[in-house]
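Novice:
In the numbering used here, the protein residues as written are 742 to 854.
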């Protein structure tokens with residue numbers, strides 16, 4: 742992980758007090774996102790949701806999915822073909838969510854430090 746910091750300092754009119762604005766930008770490396778073709782962003786006793794990745798010859802196909810596991814027969818509640826942008830946006834939203842990735846909660850080996 743790398744961290745970049747931008748710091749701006751502002752002095753008050755008489756120069757006896759200052760206010761600083763610190764902006765941090767971190768780069769996270771998330772390896773091995775897909776395990777057996779699955780990226781599980783959310784998971785509980787009922788099932789999971791996230792993305793599937795299928796290799797078809799030279800092409801890679803992604804699906805936005807929601808899987809029900811606690812039914813007599815496990816089933817896909819949603820399996821919608823999507824592109825790389827949807828996967829990126831899903832990961833981005835998960836990282837930004839303070840109760841999910843923002844808290845370091847990922848299901849598959851991609852927890853930010």
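By construction, the Cβ of each residue, glycine as well, lies at the ideal position given by its N, Cα and C atoms.
None of these values were measured; they are calculated from a predicted model.
By the 10 Å Cβ neighbour count, where 16 or more other Cβ atoms means buried, how is residue 782 classified, buried or exposed?
Specialist: Classification of residue 782: buried, given that the 10 Å Cβ count is 16 or more.
Novice: Hey, quick one: how far does the alpha helix (DSSP H) through residue 829 stretch, first residue to last?
Specialist: 825 to 837
Novice: If you measure from the beta carbon of residue 814 to each beta carbon in chain D, is any gap under 7 Å?
Specialist: In summary, chain D is missing from the structure at hand, where a single protein chain is found.
Novice: Look at the alpha carbon of residue 795 and the alpha carbon of residue 826, and state the distance between them as a whole number of angstroms.
Specialist: 16 Å
Novice: Over the uninterrupted beta strand (DSSP E) stretch that includes residue 771, give me the two end residues.
Specialist: No beta strand (DSSP E) contains residue 771, which DSSP labels as neither H nor E.
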